[in-house]
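First up is the structure itself, then whatever we jot down about it.
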Amino acid sequence: MTEKGDIVWITGASSGIGRALALRMAREGYRVAVSARRA
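Under this note's numbering, the letters of the sequence shown match residues 4 to 42, in that order.
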C-alpha cells in the first residue's frame, strides 16, 4: 500500500465513481490530481 501524502491521479473525475473516489482519497489525506472530459 501507499503512504498518506502520496499523489493519486484519477481519470473520469467529473462524475460517478471517479468523482466519489477523488473525494474519498482527498479526505483520507492523499494529494489528488484529476482529469475529466467534462468540466
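Where a beta carbon is used, it is the ideal one built from N, C-alpha and C, also for glycine.
Predicted, not measured: the structure shown is a model, and the values here were computed from it.
* With a CB to CB cut of under 7 Å and the five nearest residues on each side skipped, what residues in its chain are close to G15? -> G21, A39
* Asked: Quick one: what's got a C-beta closer than 6 Å to M28's C-beta in the same chain, skipping five residues either side?
  -> If we look at M28 and ignore the five residues flanking it on each side, its Cβ neighbours are V11, V35.
* So what does DSSP say about R41, is it helix, strand or coil? -> coil
* Distance, Cα to Cα, R41 vs A25? -> 15 Å
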